[in-house]
Structures are given as C-alpha cells and as structure tokens.
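Numbering (the working numbering), first residue to last: 14 to 159.
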C-alpha cells in the first residue's frame, strides 16, 4: 500500500506543472524509442531506490512491448546477455549521470553514446535521465510504502 507524506501537486501546483511540462515535452516528439526510454527510467529508478517510479515505468516498458527478461536482468545488465550496444551505451550514460561514484568518466560515456546516437538524441536522453532523477527524488519524498 502506498501512503503519501505530502501532495507535491497540491501544495506547490506551479512547481508540479513545471516539472510535468518537461516530462510532457520529452514525450511530445520523442527521438528516443519509448521502450528504451522506459528501460532507462527503470534503471535510474532502481539506482535511486524509488519503488513508485520503478513500478510505473516497468508497466510502461511492458505496455511498449519491452522484453520482460531485460527488466529481470537490468540490475546486472553489465554482465548479462540480451542488451544491444546502444542500450548498453544509454545505460552507462544513465549510471554516470545518476551515480556520484560512477566508474566511467563522463567524457568516455559520451564517446560511447556517439557510436549509437545523434547529438539531439543524446541531449534528449540526458534530459530523460535528469528528469527521472528529479521525479525519483519527488517520489521518494512523497510516498511511503507500507
């Protein structure tokens, strides 16, 4: 059961609307395929420990036709089969931007992305990761699972 500590959207509706506007803009004309976006949002949510967001984006991943085995293997994607080179590059980028103790430099991560994504796609992917990190923090602050 999910219990709410406070309702961000009710207490500070203008801030909520601004955060929602970014998420809406990302979905309006996406350059990143929805299933990859969902995969990245799931990984960021796993890293941050946001059960609320992980549940929501896992459902979206399934709805978009994502392979359920990928979600199962996502915590150990570095050593798991079944992830494309582009997915691996995106996952490295997500981890580097989410974890303070990332083992790979940002420059090296960016070079990996350039093999699979155009600059506009990298920019969108970066915004997806940054926005997911913000939603995770809001979700963790607001929701308590009982």
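For glycine and all other residues, C-beta sits at the position ideal for the given N, C-alpha and C. Being a predicted model, the structure only gives us computed values, none of them experimental.
Identify whether residue i lies in helix, strand or coil by the three-state DSSP scheme.
| i | result |
| --- | --- |
| residue 156 | strand |
| residue 25 | coil |
| residue 37 | helix |
| residue 17 | strand |
| residue 126 | helix |
| residue 147 | helix |
| residue 140 | helix |
| residue 132 | helix |
| residue 31 | helix |
How is the alpha helix (DSSP H) around residue i delimited, first residue to last?
| i | result |
| --- | --- |
| residue 88 | Looking at the DSSP string, residue 88 is not in any alpha helix (DSSP H), and its letter there is neither H nor E. |
| residue 165 | Residue coverage of the chain in this structure runs from 14 to 159, which leaves residue 165 outside it and unanswerable. |
| residue 64 | 64 to 76 |
| residue 57 | 47 to 61 |
Might you give, ordered along the chain, the residues of its own chain that have their beta carbon closer than 8 Å to the beta carbon of residue i, omitting 5 neighbours on each side?
| i | result |
| --- | --- |
| residue 55 | 67, 70, 71, 74, 84 and 87 |
| residue 133 | 44 |
| residue 98 | 128 and 129 |
Return the CA-CA distance between residue i and residue j, expressed in angstroms with no decimal places.
| i | j | result |
| --- | --- | --- |
| residue 125 | residue 146 | 21 Å |
| residue 143 | residue 35 | 10 Å |
| residue 48 | residue 100 | 10 Å |
| residue 43 | residue 137 | 8 Å |
| residue 127 | residue 109 | 15 Å |
| residue 151 | residue 123 | 27 Å |
Buried or exposed: where does residue i fall if 16 or more other Cβ atoms within 10 Å of its Cβ makes it buried?
| i | result |
| --- | --- |
| residue 117 | exposed |
| residue 94 | exposed |
| residue 40 | exposed |
| residue 57 | buried |
| residue 104 | buried |
| residue 38 | exposed |
Between which residues of its own chain and residue i is the CB-CB distance below 7 Å, once the five residues before and five after are set aside?
| i | result |
| --- | --- |
| residue 19 | 155 |
| residue 107 | 53, 56, 57 and 142 |
| residue 63 | 149, 152 and 153 |
Starting from the C-beta of residue i, find all residues in its chain whose C-beta is less than 6 Å away, skip the five residues before and the five after it, and write them out in chain order.
| i | result |
| --- | --- |
| residue 135 | 126 |
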